[in-house]
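Comments concern the structure below.
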Amino acid sequence: METWIKQYRGVILFALIILTVIGAVLFQLRQPAPAPISLQTATPSPLPPATPTPRPLRVYISGAVQQPDVYALPADSIIKDAMLAAGGPTEDADLDRINLAAALADGQHVYVPHLGETELPASLPCDCSGSSGGDGKVNINIADVAALDTLPGIGPVTAQRIIEYREANGPFARIEDIMNVSGIGQSTFAKIQDRITVGR
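The numbering used here puts the sequence shown at residues 32 to 231.
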């Protein structure tokens, strides 16, 4: 027996190796296949379209208000907003004769009647060239190039810059803000400060 084992020992070892390999292969075949890994790519959200900034309305309000003048107001303003911008109604204002909730239009003339006033002036378009009432000052919030060009030290190029600045940034809050416009410094402002207004 021992002689037989020694004689066939190599064959026996080879057979054991074959059986081990076959067993390992069968074990792997019986294992379930791993689930495939799916990569999810995030879909970028579309950007909302850019909304253009509406230009302010230029409205002239007169009659029974504290400060009749031309005012630059937001695009969705109503008559009440214009009246409040003008300092509010006077004591003798007849508010029942106007629609305070009516929407405003660019260049509109709003007249607030006085109590007992029988004949109202016709509604006229606003003279928005830049003159602000009887003082002769140029309203830098509504003036066009021609009106701005009448100011000392302000030529057509700088006048256009003023218009572009207010269209990009909104109405000037005070006359000193005009120095934010390129080309207008302290020396130029000193020449024009008594000749300009912001319509407030």
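Think of the CB as a built atom: it goes at the ideal place given N, C-alpha and C, for glycine as much as any other residue.
Here the structure is a predicted model, which is why all the values come from computation and not from measurement.
Just to confirm my understanding: we take D208, look at its own chain, exclude 5 residues before and 5 after, and list those with CB closer than 6 Å. What are they?
none
Continuous beta strand (DSSP E) stretch holding D100: start and end:
D100 to L104
According to DSSP, what are the bridge partners of A134?
In DSSP, A134 forms a bridge with I109.
Please report the residue range of the alpha helix (DSSP H) in which L179 lies.
Boundaries of the alpha helix (DSSP H) around L179: V176 to L179.
From what residue to what residue does the beta strand (DSSP E) around V143 run?
H140 to V143
Going by DSSP, what residues sit across from G118 in a beta bridge?
Looking at the DSSP assignment, G118 forms no beta bridge with any residue, so it has no partner.
Nearest neighbour of A136, chosen from G118, N172, V176 and A106 [CA to CA]:
Comparing Cα positions, the closest option is A106.
Is the beta carbon of L179 less than 8 Å from the beta carbon of I185?
yes
Label N170 either buried or exposed according to how many other C-beta atoms from any shown protein chain fall within 10 Å of its C-beta, with 16 as the threshold for buried.
N170 counts as buried, since no fewer than 16 other beta carbons sit within 10 angstroms of its beta carbon.
Over what stretch of residues does the alpha helix (DSSP H) that includes R197 continue unbroken?
Per DSSP, the continuous alpha helix (DSSP H) segment holding R197 begins and ends at P187 to N200.
L88 (DSSP reduced to helix, strand or coil)
strand
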